[in-house]
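Numbering-wise (UniProt numbering), the sequence shown opens with residue 1 and increments by one.
By construction, the Cβ of each residue, glycine as well, lies at the ideal position given by its N, Cα and C atoms.
Before any comments, here is the structure.
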Amino acid sequence: MDEIIDGLYVGSSMAESDKPKLKECRITHILSVASHYVPSYPNEFVYKLISIDDLPEENIIQYFPECNKFISGALEEGGCVLVHCMAGQSRSAVIAAAYLMQKDGLTSEQALTAIKKKRRQINPNDGFIDQLQLYYDISYDVSPAKALYRRFLINHSAEHYREYGKIENIVAGVDPTTQQMLPTQRLVRCKKCRRALVIEANILDHQAGVGQVAFSYNKRNGSGANTPHAFPQNRACSSLFVEPMEWMDGISDGLIENKIACPKCQAKLGSYNWAGAQCSCGKWIIPSFQIHRNRIDEIRQRLQ
Ligand SMILES: [Zn+2]
Ligand SMILES: [Zn+2]
């Protein structure tokens, strides 16, 4: 195991079972980030167990807040912490990186570079590196209030559906009628009854054309679906694609596809499908929550 900063160590499962070495390094707390890990010395160290596989599709970012708290708590008590996984290369390095990022306001690259200087063999999987990048982009605040984090969770639900055929743990956009509108916020309303439907942060942009757009959070594939603050510019698209919203019928019941109707006047607005749908421009959007542009008004809220 290797000391990354004062009192914080990263290592493998071998390190976790090497009691003399743990004592020599004055380890008091152990954070095990591995699937169904059984602690070697549950009575001698303070353990925290995070059961997760080293797979790119695993949601590791959800554990960052509690892991940071565990590490900072241990260090503040004057203890030393070992963060370990199996090989000490991916999961443990990511947890340590998230801690450094939040503590010192670092980017993911800065944090991983700092760890690599002390432990050359670290090698997080691509999905985890994306999640560290996302952590930076949401200012270390892992909350569904952050549009980018919602995108990530929505993609997770869609992947879960592809894999297991059902939808779980859906994070839907907050109904704009229940939140305070900022004066400059763009707003989409029902054309018929003018009921507010979505705000700019709920809208998913895509480049018109062929190919496929996932709801993913992945800067490197350049999908263009990540931009939360852009209205589609291309008028070739006859629909607006949005996040799943609280007011949509069937979303919270886990229905795979359904019509989208205005929650006030019941006018037909469009439809959704977790398996995806094709835009009029030719692009496949996965999952797809589409509202026909001729059923809505897109306006910008005026300053009072
Ligand atoms: Zn389109
Ligand atoms: Zn309406």
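message: Between the alpha carbons of Pro65 and Cys193, how many angstroms are there, rounded?
response: Residue mapping note: residue 65 aligns to position 65 of the sequence shown, counting from 1. Residue mapping note: residue 193 aligns to position 193 of the sequence shown, counting from 1. Pro65 and Cys193: Cα-Cα distance of roughly 42 Å.
task: State the start and end residues of the unbroken alpha helix (DSSP H) segment that holds Lys69.
output: For this step, residue 69 is matched to residue 69 along the sequence shown. Start and end: Phe64 to Glu76.
- prompt: Is it the case that the CB of Arg195 approaches a heavy atom of ligand 2 more closely than 7 Å?
  reply: Sequence index remark: in the sequence shown, residue 195 carries index 195 (1-based). Correct: Arg195 has its Cβ closer than 7 Å to ligand 2.
message: Quick check on Tyr140: does DSSP put it in helix, strand or coil?
response: The count along the sequence shown starts at 1 and reaches residue 140 at position 140. In the three-state reduction of the DSSP assignment, Tyr140 falls in the coil class, being assigned neither a helical nor a strand state.
- request: Measure the alpha-carbon distance for Ile129 versus Cys265 and round it to whole angstroms.
  value: For the purposes of this step, residue 129 is identified with residue 129 of the sequence shown, where counting begins at 1. For the purposes of this step, residue 265 is identified with residue 265 of the sequence shown, where counting begins at 1. Approximately 45 Å between the Cα atoms of the pair.
Same chain only: Cβ atoms within 7 Å of Ile199, ignoring 5 sequence neighbours per side: By 1-based counting over the sequence shown, the position of residue 199 is 199. Hits under 7 Å: Pro176, Gln185, Arg186 and Leu187.
query: Given a threshold of 16 other Cβ atoms within 10 Å of its Cβ, counted over all protein chains shown, does Arg151 qualify as buried or as exposed?
result: Locating residue 151 in the sequence shown gives position 151, counting from the first residue. Buried, by the Cβ-count rule.
- request: Confirm, please, whether the CB-CB distance from Ile50 to Val33 is below 8 Å.
  value: Residue numbering aside, residue 33 sits at position 33 when the sequence shown is read from its first letter. Residue numbering aside, residue 50 sits at position 50 when the sequence shown is read from its first letter. Yes, the Cβ-Cβ distance between Val33 and Ile50 is below 8 Å.
query: Is it buried or exposed for residue 307, if we count other Cβ within 10 angstroms and need 16 for buried?
result: Nothing in the structure corresponds to residue 307, since the chain is present only between 1 and 304.
- request: Look up Ala15 in the DSSP assignment and say whether it is helix, strand or coil.
  value: Numbered from 1 along the sequence shown, position 15 holds the residue referred to as residue 15. Assigned with DSSP and collapsed to three states, Ala15 falls in helix.
query: Grouping DSSP H, G and I as helix and E and B as strand, with all else coil, what is Lys268?
result: Translated into positions along the sequence shown, residue 268 becomes position 268. Strand at Lys268.
task: Buried or exposed for Gln179, please, with buried defined as at least 16 other CB atoms from any protein chain shown within 10 angstroms of its CB.
output: Counting from one through the sequence shown, the residue named residue 179 turns up at place 179. Exposed.
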